[in-house]
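Q:
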Amino acid sequence: MAGPEDEAGRSRIGNAAFVLALRERGVRDTAVLRAMEQVPREPFAPPHLRDHARRDIALPLAHGQTMTAPSVAAAMLGALDMQAGARVLEVGTGSGYVTALLVRLGAGHVRSLERYAPLARAARDRLGPHLNDATVEVADGLGPGGIERQRFDRILINGGVPALPPHLLTALNPGGRLVAGLWTGRGCRLVTLARDGEAPPARLDGPALRLGPMTPGRGRVS
Numbered sequence: 001m002a003g004p005e006d007e008a009g010r011s012r013i014g015n016a017a018f019v020l021a022l023r024e025r026g027v028r029d030t031a032v033l034r035a036m037e038q039v040p041r042e043p044f045a046p047p048h049l050r051d052h053a054r055r056d057i058a059l060p061l062a063h064g065q066t067m068t069a070p071s072v073a074a075a076m077l078g079a080l081d082m083q084a085g086a087r088v089l090e091v092g093t094g095s096g097y098v099t100a101l102l103v104r105l106g107a108g109h110v111r112s113l114e115r116y117a118p119l120a121r122a123a124r125d126r127l128g129p130h131l132n133d134a135t136v137e138v139a140d141g142l143g144p145g146g147i148e149r150q151r152f153d154r155i156l157i158n159g160g161v162p163a164l165p166p167h168l169l170t171a172l173n174p175g176g177r178l179v180a181g182l183w184t185g186r187g188c189r190l191v192t193l194a195r196d197g198e199a200p201p202a203r204l205d206g207p208a209l210r211l212g213p214m215t216p217g218r219g220r221v222s
């Protein structure tokens, strides 16, 4: 019968293999890969899908939401260029996996907004100790009332949007970055906006992403 040390050893080996597979798929950001090795994906996946957690695929969540594929999450986190102590806004908590990665990458604090109350509650339970550096709230992050004129160093929209919400651009601190998936006539692409001083952010279009669309408004479930 396997003991706790055997289980921990297998978990470490599995995480290392998971990260190696991501590297072979083109993920090169060493900080992101290290965070993914240190934060296992399995505890954040739905229990009946945990056998698939180390595959590079999106996993379905409740209420029609999805857990982003690891390589897509890595691309977005790499574009975010996290800095230690950064104040981060995350729109779309989902499972809480990316929230945990943001904490591991050195965020000073992550404010994560989820439109579905059951997903927010489940994410809080999964995050556990990571909640020392994160809050998960039920709110519409795509609406202007969700952030109450706060400003952030990094903003991550965990999904595709047809246009970048103006209030989120206003909420970006000088030197800050916003990363999202932007729907175009040709699908969804990675978009990064970097703000230099108080000037309007400069936009950089990245590669195509497989991301589900973000829906505005709070979910009608409790």
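Position one of the sequence shown corresponds to residue 1 (the UniProt record's numbering), numbered consecutively onward. Ideal Cβ positions, reconstructed from N, Cα and C, are used throughout, including at glycine.
Alpha carbon to alpha carbon, how far is T30 from P166? Give it in angstroms, no decimals.
A: 32 Å
Q: Under the three-state reduction of DSSP, which class applies to S112: helix, strand or coil?
A: strand
Q: Any idea if R24 is buried or exposed, counting beta-carbon neighbours within 10 angstroms, 16 or more meaning buried?
A: The sequence shown places Glu at residue 24, not Arg. With fewer than 16 other Cβ atoms within 10 Å, it is exposed.
Q: Rounded to whole angstroms, what's the CA-CA distance from Q83 to L105? Just pull it up for me.
A: 8 Å
Q: Pair every Cβ in the stretch 60-68 with every Cβ in the stretch 205-220, then say whether three or more of these pairs are closer than 8 Å.
A: Yes, they touch.
Q: Identify the continuous alpha helix (DSSP H) that holds V103 and give its terminal residues.
A: 97-104
Q: Identify the continuous beta strand (DSSP E) that holds A164 and give its terminal residues.
A: The identity of residue 164 in the sequence shown is Leu, whereas the question assumes Ala. It is not in any beta strand (DSSP E) - L164 carries neither H nor E in the DSSP assignment.
Q: Between the C-alpha atoms of L204 and L190, what's the straight-line distance to the nearest angstrom?
A: 9 Å
Q: By alpha-carbon positions, which one of V161, R218, L168 ends up nearest to P200?
A: L168
Q: Measuring CB atoms only, is the stretch 69-86 touching the stretch 153-165, in the sense that at least three cross pairs come out at less than 8 Å?
A: yes
Q: Just how far apart, CA to CA, sit A21 and V136?
A: 30 Å
Q: Count the other CB atoms within 10 Å of the CB of V221; is the residue buried (16 or more) or exposed (fewer)?
A: exposed
Q: Could you say which of Y97, V110, S95 lies nearest to V88 if we only look at CA atoms?
A: Closest by alpha carbon: V110.
Q: Work out the CA separation of A58 and M1 for me, nearest whole Å.
A: Below a pLDDT of 50, predicted positions are generally treated as unreliable, and M1, at 48, falls in that range; the measurement from the model is reported next regardless. The straight-line gap from Cα to Cα measures roughly 33 Å.
Q: Applying the 10 Å Cβ sphere with the 16-neighbour rule, what's the burial state of T170?
A: exposed
Q: DSSP beta-bridge partners for T135?
A: R111
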